[in-house]
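Numbering (our numbering), first residue to last: 221 to 472.
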């Protein structure tokens with residue numbers, strides 16, 4: 221069921237206070253109801269409502285014997301990093317979606333046009349070709365719908381948290397030690413999600429080296445990332461007027 225899947229995807233959300241520090245394998249990340257079913261180690265059979273198998277019991281037992289203080293401290297530091305919603309970009313996204321989307325990587329919100337029905341007696345060869353086109357159209361529409369639902373859900377969460385000066389993303393890790401945010405709306409999300417959030421405590425640009433790295437990063441985001449650093453910086457300089465124009469009037 222599409223509704224159930226969407227509900228699960230957006231159940232875990234950012235917090236408006238620093239997440240609960242990880243104290244052990246079971247205690248951390250969230251306070252209250254959302255603390256249920258969250259563990260320091262993410263495994264499918266450790267989620268709420270799932271039965272824990274013998275392998276996991278043994279694995280968690282061995283893990284509990286280890287001193288993971290430094291690991292927990294690292295994850296706590298990551299999840300206590302404050303972010304906020306980029307409200308200027310949120311306004312641009314909202315305006316684009318009001319116009320139907322389908323611009324700048326945002327999905328089309330209106331359904332794709334359906335192919336007309338062929339009259340009775342249509343030759344078999346034409347009918348076969350028409351059916352192939354119809355199947356392709358159905359797949360495209362299914363993909364569009366999925367992308368649109370994800371986009372709208374992402375924007376709704378951004379709107380909800382846009383009134384807060386600081387938001388936080390609870391984290392945990394997988395069995396390899398890789399650290400991930402728990403909410404689906406997070407700094408490791410798709411391009412739209414990443415664009416809608418920004419770090420709070422960012423130091424100002426202090427020298428020319430900072431400017432160089434900002435230009436290199438800007439070129440990377442524009443897809444100019446397979447050339448030398450000098451060429452990336454030059455690309456930014458060559459397109460400075462266009463970049464500033466986009467910042468000044470993004471909808472134009």
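We put the CB at the ideal spot given by N, CA and C, even for glycine. This structure is a prediction, so every number in the text was calculated from the model and none was measured.
I need the boundaries of the alpha helix (DSSP H) containing residue 461, first residue and last residue. Boundaries of the alpha helix (DSSP H) harbouring residue 461: 460-468, taken from the DSSP string.
Report the three-state DSSP secondary structure of residue 398 (helix, strand or coil). Here residue 398 sits in coil by DSSP.
Beta-carbon separation of residue 402 and residue 303 under 7 Å? It is not a contact, given that the beta carbons lie outside the stated cut-off.
So for residue 304, helix, strand or coil by DSSP? Per DSSP, reduced to three states, the secondary structure at residue 304 is strand.
Whose C-alpha, out of 452, 378, 236, is nearest the C-alpha of residue 310? Ranked by Cα distance from residue 310, the options 452, 378, 236 are led by 378.
Check this for me: beta carbons of residue 277 and residue 242, under 7 Å apart or not? Taking 7 Å as the Cβ cut-off, residue 277 and residue 242 do not qualify as a contacting pair.
Verify the CB distance criterion: does residue 386 have a CB-CB separation below 7 Å to chain D? Considering every chain present, this structure includes no chain D. It has just one protein chain.
Kindly confirm or deny that the region 279-291 and the region 242-261 touch, where touching means at least three C-beta pairs closer than 8 Å. Taking a contact to require three or more Cβ pairs closer than 8 Å, the region 279-291 and the region 242-261 qualify as touching.
So the candidates are 329, 300, 301; which of them puts its Cα closest to the Cα of residue 314? Residue 329 holds the alpha-carbon nearest to the alpha-carbon of residue 314 among 329, 300, 301.
DSSP three-state label for residue 235, please. Residue state, collapsed to three classes: strand.
Whole angstroms are fine: how far does the CA of residue 286 sit from the CA of residue 325? Roughly 46 Å between the two C-alpha positions.
Counting Cβ pairs, one atom from each stretch, are 3 or more of them under 8 Å apart for the region 314-323 and the region 343-356? Contact fails: fewer than three Cβ-Cβ distances are below 8 Å.
Cβ of residue 314 versus every heavy atom of the ligand NAP: is any distance shorter than 6 Å? Looking for the ligand NAP in the displayed structure turns up nothing, as the structure carries no ligands at all.
Roughly how many whole angstroms lie between the Cα atoms of residue 253 and residue 232? Cα to Cα, residue 253 sits roughly 11 Å from residue 232.
Where residue 273 sits in the DSSP three-state scheme: In the three-state reduction of the DSSP assignment, residue 273 falls in the coil class, being assigned neither a helical nor a strand state.
I think residue 301 touches residue 382, with their Cβ atoms under 8 Å apart; what is that distance to the nearest whole Å? Actually they do not touch by this definition, with Cβ atoms about 18 Å apart.
Let's test the definition: count the other Cβ atoms within 10 Å of the Cβ of residue 413 and tell me whether it reaches 16, buried, or not, exposed. Classification for residue 413: buried.
Option nearest residue 364 by Cα separation, candidates 327, 427, 290, 298: Measuring from the Cα of residue 364, the nearest candidate turns out to be 327.
For residue 438 and residue 425, which I take to be in contact (beta-carbon distance under 8 Å), what is that distance rounded to the nearest angstrom? Your pair residue 438 and residue 425 does not check out as a contact, with CB atoms roughly 13 Å apart and the cut at 8 Å.
Local conformation of residue 261 per DSSP, three classes: Residue 261 carries a strand assignment under DSSP once its states are collapsed to helix, strand and coil.
Exposure of residue 404, with buried meaning 16 or more beta-carbon neighbours within 10 Å: By the 16-neighbour rule on beta-carbons within 10 angstroms, residue 404 is buried.
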